[in-house]
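S.K.:
Protein chains: 2
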Amino acid sequence: MQRYFVDQPASPKEFELPKDIAHHLITVMRAQPGSQVEVVLADHRVYLATVTATAPARVKIVKDLDRNSELPLRVTLLCGLPKTKEKPEMIVQKATELGADKIVFFESARSISHWAKQKQAKKLARLQKIADGAAEQSHRNRQSQVTYSPDLTTALVDNPADQRVVAWEESAKQGETSALHQVLTKMTPGQSLVAVFGPEGGLTSQEVEQMQKAGVIPVGLGPRILRTETAPLYFLAAVSYASELAVNHR
Amino acid sequence: MQRYFVDQPASPKEFELPKDIAHHLITVMRAQPGSQVEVVLADHRVYLATVTATAPARVKIVKDLDRNSELPLRVTLLCGLPKTKEKPEMIVQKATELGADKIVFFESARSISHWAKQKQAKKLARLQKIADGAAEQSHRNRQSQVTYSPDLTTALVDNPADQRVVAWEESAKQGETSALHQVLTKMTPGQSLVAVFGPEGGLTSQEVEQMQKAGVIPVGLGPRILRTETAPLYFLAAVSYASELAVNHR
């Protein structure tokens, strides 16, 4: 069923839809009075709703579907700004599908791209729209938030977390299992996790050192060299596997 | 260091490079006599080699680097043919990076695309080239093989494996942990694993039933709806996490 995010409190039970959603639901999807739709309200809960009018479009909440598809951990990705326009778009779309809470692009030492100040808002708006579409399509309860930081230091300061890791090829195995597995198995549902990824060409050893001094843990993502847009997706899948599939379910 | 796959036995120790590799190494990368390069020979081992001549280009094996970046499990993906040309390309590139042994596109009940017989060889050659490039770039020891099957039955018959799973949204949790975790934890290094993925719109329940009768295990990939090109990448990352990062290392 079609799902929409509506920034509206769970009460009142009947309300008018914002213009863009109304256009998609009525004009594109050809909904009629009586058509059913899922809406995620400001409380991040999924409700079944019925269309009550089409001009203007109004829906009435039928019931709380009590569905949750959010990762148990709140994951923020800090991604070194890639070279091309397509890669941030792909990272945002796929990371939203895979459950990221927030995606931050920062200018890393080896980033070739630079977002001029006057273009940042427009670029972010475009990426946020991709995130919002992916959140609907993947049936999330939350829309990933996309932001920009001028540099790594700002990105780290602006995004505190219970645990912080950096994807680092040269990360050695520490102890019996990998550093990533050790971090993930000690985290508990509701905790926040920041993960840092380099741009093409990777992070510099100074950047990694700076992070290690700040307590960010270097983690390997297996023995293959992953592209800058593939590493965050591997990471989110690993978080899902470890926290949603490999754990005991009550 | 630049890595090339050369279909050539490990002896003799000095040999002429194939034309396409010679062109890339000498013309694009501007290698000189004495330049070093990694070559993966027909034995799937990685060797350090030195350029001994440039016209024609020749290299001499220096030593076996004894590096292995292959997944412990040999994974074959059977992917329902997606609608657009871009999605198979993305699946092939990313799945190669993430360690797939073989990628098979098959015409699923809901596949909208169809590969006419006379176009199959050309389409496969293009995808194989993408796979070969991704194998070099991600420093694999093997190049993922890309093939085509006219239908699911053929794809399954042509690809036997120690374990077979199908990504199925409606797969229930079985027992304490997920079906995927149960499959992965009982597999041992060297075993083969086939995983089936639907096209846009998913597999039909008849297709899933047919597979279940043949012993293919339905597995869920978490609570979010993944696009047809995202599910295989999640799967490979989960296999890597379970078999390379979450296991005890000797």
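If you're matching them up, the sequences are chains A and B in order.
Going left to right, the first sequence walks through residues 698 to 947 as the numbering used here numbers them.
Going left to right, the second sequence walks through residues 698 to 947 as the numbering used here numbers them.
Glycine included, every Cβ here is placed at the ideal spot set by N, Cα and C.
Quantities reported herein were computed from a predicted structural model and do not represent experimental measurements.
Measuring alpha carbon to alpha carbon, tell me which of B/Arg700, B/Pro920, B/Leu774 ends up nearest B/Val756.
M.R.: Translated into positions along the second sequence, residue 756 of chain B becomes position 59. With distances taken between Cα atoms, B/Val756 lies closest to B/Arg700.
S.K.: For A/Gln909, which three-state DSSP category applies?
M.R.: Residue mapping note: residue 909 of chain A aligns to position 212 of the first sequence, counting from 1. Looking at A/Gln909 - three-state DSSP - the assignment turns out to be helix.
S.K.: Considering only residues of the same chain and omitting the five flanking positions on each side of A/Trp865, which have a CB-CB separation below 6 angstroms?
M.R.: Position 168 of the first sequence, counting from 1, holds the residue named residue 865 of chain A. Answer for A/Trp865: Val905, Pro915, listed in chain order.
S.K.: Output, in chain order, the set of chain A residues within a Cβ distance shorter than 8 angstroms of B/Ala939.
M.R.: For the purposes of this step, residue 939 of chain B is taken as the residue at position 242 of the second sequence. Within 8 angstroms Cβ-Cβ: Tyr938, Ala943.
S.K.: Tell whether a beta-carbon distance below 8 angstroms holds between A/Leu738 and A/Gln790.
M.R.: What you label residue 738 of chain A is simply residue 41 of the first sequence in a count that begins at 1. What you label residue 790 of chain A is simply residue 93 of the first sequence in a count that begins at 1. Their beta carbons are not under 8 angstroms apart, which means A/Leu738 does not touch A/Gln790 by this criterion.
S.K.: With a cut-off of 8 angstroms, does the C-beta of A/Tyr744 fall near any C-beta of chain B?
M.R.: Here residue 744 of chain A refers to the residue found at position 47 of the first sequence. Not an interface residue.
S.K.: If you scan the region 847-888 of chain B from start to end, which runs of the alpha helix (DSSP H) of 4 or more residues do you find wholly inside it?
M.R.: Within the region 847-888 of chain B, the complete alpha helix (DSSP H) runs of at least 4 residues are 849-855, 876-883.
S.K.: B/Glu794 touches chain A at which residues, Cβ-Cβ below 7 angstroms?
M.R.: As a working note, residue 794 of chain B is residue 97 in the second sequence. In chain order: Arg921, Leu923, Arg924, Thr927.
S.K.: If we cut at 8 angstroms on Cβ distances, does B/Tyr931 have a partner in chain A?
M.R.: Start at 1 with the first residue of the second sequence, and residue 931 of chain B comes out as number 234. Yes - at least one Cβ of chain A is within 8 angstroms of the one on B/Tyr931.
S.K.: Across which residues does DSSP place B/Phe702 in a beta bridge pair?
M.R.: Along the second sequence, read from residue 1 onward, the residue named residue 702 of chain B stands at position 5. Answer is B/Val737.
S.K.: Between which two residues does the alpha helix (DSSP H) harbouring A/Glu783 extend?
M.R.: As a position in the first sequence, residue 783 of chain A is number 86, starting the count at 1. Run containing A/Glu783: 783-794, per the alpha helix (DSSP H) assignment.
S.K.: Note the first and the last residue of the continuous beta strand (DSSP E) segment covering A/Arg755.
M.R.: The residue given as residue 755 of chain A occupies position 58 in the first sequence. Segment 754-761, the beta strand (DSSP E) holding A/Arg755.
S.K.: The alpha helix (DSSP H) that contains A/Lys816, what's its start and end?
M.R.: Mapped onto the first sequence, residue 816 of chain A falls at position 119. Run containing A/Lys816: 814-834, per the alpha helix (DSSP H) assignment.
S.K.: Roughly how many angstroms separate the alpha carbons of B/Gln903 and B/Ser732, rounded to a whole number?
M.R.: Here residue 903 of chain B refers to the residue found at position 206 of the second sequence. Here residue 732 of chain B refers to the residue found at position 35 of the second sequence. Rounded to the nearest angstrom, the two C-alpha atoms are 57 angstroms apart.
S.K.: Starting from the Cα of A/Ala832, find the closest Cα among A/Ala935, A/Lys819, A/Glu794, A/Val725 and give me that residue.
M.R.: The residue given as residue 832 of chain A occupies position 135 in the first sequence. Out of A/Ala935, A/Lys819, A/Glu794, A/Val725, A/Glu794 has the C-alpha closest to the C-alpha of A/Ala832.
S.K.: In chain order, what residues of the region 817-840 of chain A put their CB closer than 8 angstroms to some CB of chain B?
M.R.: Of all residues in the region 817-840 of chain A, Gln834, Ser835, His836, Arg837 have a Cβ within less than 8 angstroms of some Cβ in chain B.
S.K.: Do the CB positions of B/Glu941 and B/Asn838 come within less than 8 angstroms of each other?
M.R.: For the purposes of this step, residue 941 of chain B is taken as residue 244 along the second sequence, with counting starting at 1. For the purposes of this step, residue 838 of chain B is taken as residue 141 along the second sequence, with counting starting at 1. No, the Cβ-Cβ distance between B/Glu941 and B/Asn838 is not below 8 angstroms.
S.K.: With the cut-off set at 8 angstroms, would you say A/Tyr744 and A/Leu762 are in Cβ contact?
M.R.: Along the first sequence, one-based indexing puts residue 744 of chain A at 47. Along the first sequence, one-based indexing puts residue 762 of chain A at 65. Yes, Cβ-Cβ distance for A/Tyr744 and A/Leu762 is below 8 angstroms.
S.K.: Distance cutoff 8 angstroms, beta carbons only. Does B/Arg807 sit that close to anything in chain A?
M.R.: The sequence position of residue 807 of chain B within the second sequence is 110, counting from 1. No, its Cβ sits nowhere closer than 8 angstroms to a Cβ of chain A.
S.K.: Which stretch, first to last residue, makes up the alpha helix (DSSP H) that contains A/Val936?
M.R.: As a working mapping, residue 936 of chain A is identified with position 239 in the first sequence. Taken as a continuous stretch (DSSP letters only), the alpha helix (DSSP H) holding A/Val936 covers 928-937.
S.K.: For A/Tyr845, which residues of its own chain have a beta-carbon under 8 angstroms away from its beta-carbon, when the five flanking residues on both sides are left out?
M.R.: Translated into positions along the first sequence, residue 845 of chain A becomes position 148. The residues are Val801, Phe802, Phe803, Trp812, Gln817, Lys820, Leu821.
S.K.: Under 8 angstroms between C-beta atoms, does B/Thr885 make it to chain A?
M.R.: One-based indexing of the second sequence puts residue 885 of chain B at position 188. Answer no: the Cβ-Cβ gap between B/Thr885 and chain A never drops below 8 angstroms.
S.K.: Just to make sure I have the definition right: I need the residues of chain B whose C-beta is within less than 7 angstroms of the C-beta of A/Lys791. Which are they?
M.R.: If you number the first sequence from 1, residue 791 of chain A lands on position 94. Within chain B, the residues near A/Lys791 are Thr927.
S.K.: Using a Cβ distance threshold of 8 angstroms, determine whether the region 872-886 of chain B contacts the region 924-942 of chain A, with at least three qualifying pairs required.
M.R.: The region 872-886 of chain B is in contact with the region 924-942 of chain A.
S.K.: Report all residues from its chain with a CB closer than 6 angstroms to the CB of A/Glu713; omit the five preceding and five following residues, and keep chain order.
M.R.: In the first sequence, residue 713 of chain A corresponds to position 16, counting from 1. So the list reads Pro753, Arg755, once near-sequence residues are dropped.
S.K.: Using a C-beta to C-beta distance shorter than 9 angstroms, which residues of chain B count as neighbours of A/Leu877?
M.R.: Numbered from its first residue, the first sequence carries residue 877 of chain A at position 180. Within 9 angstroms Cβ-Cβ: Tyr938, Leu942, Ala943.
S.K.: Does the beta-carbon of A/Gly919 have 16 or more other beta-carbons within 10 angstroms, so that it is buried, or is it exposed?
M.R.: As a working mapping, residue 919 of chain A is identified with position 222 in the first sequence. A/Gly919 should be labelled buried.
S.K.: Going by CA-CA distance only, name the one from B/Phe894, B/Thr724, B/Pro715 that's closest to B/Ser805.
M.R.: Locating residue 805 of chain B in the second sequence gives position 108, counting from the first residue. For B/Ser805, the nearest C-alpha among the options comes from B/Phe894.
S.K.: Who are the near neighbours of A/Met787 in its chain, counting only those whose CB is closer than 6 angstroms to its CB and skipping five residues on each side?
M.R.: As a working mapping, residue 787 of chain A is identified with position 90 in the first sequence. Excluding sequence neighbours, A/Met787 sits near Glu926.
S.K.: For A/Gly912, count neighbouring Cβ atoms within 10 angstroms of its own Cβ and tell me buried if that reaches 16, exposed if not.
M.R.: For the purposes of this step, residue 912 of chain A is taken as residue 215 along the first sequence, with counting starting at 1. Classification for A/Gly912: exposed.
S.K.: In the structure shown, what three-state DSSP assignment does A/Leu774 receive?
M.R.: As a working mapping, residue 774 of chain A is identified with position 77 in the first sequence. Three-state result, A/Leu774: strand.
S.K.: With a cut-off of 8 angstroms, does the C-beta of A/Ala892 fall near any C-beta of chain B?
M.R.: Residue 892 of chain A sits at position 195 when you count from the first residue of the first sequence. A/Ala892 does not count as touching chain B.
S.K.: Could you give the residue range of the beta strand (DSSP E) that holds B/Ile800?
M.R.: By 1-based counting over the second sequence, the position of residue 800 of chain B is 103. Element bounds for B/Ile800: 799-803.
S.K.: Are the C-beta of B/Thr874 and some C-beta of chain A separated by less than 8 angstroms?
M.R.: Your numbering for residue 874 of chain B matches position 177 in the second sequence. B/Thr874 counts as touching chain A.
S.K.: For a test of the three-state rule: what should DSSP assign to B/Ile922, helix, strand or coil?
M.R.: Your numbering for residue 922 of chain B matches position 225 in the second sequence. Residue state, collapsed to three classes: coil.
S.K.: Leaving aside the five residues before and after A/Ser841 along the sequence, list all residues of the same chain whose C-beta is less than 8 angstroms from its C-beta, in chain order.
M.R.: Residue 841 of chain A sits at position 144 when you count from the first residue of the first sequence. Val789, Ala792, Thr793, Ala797, Asp798, Lys799, Ile800, Ala828, Ala831, Ala832.
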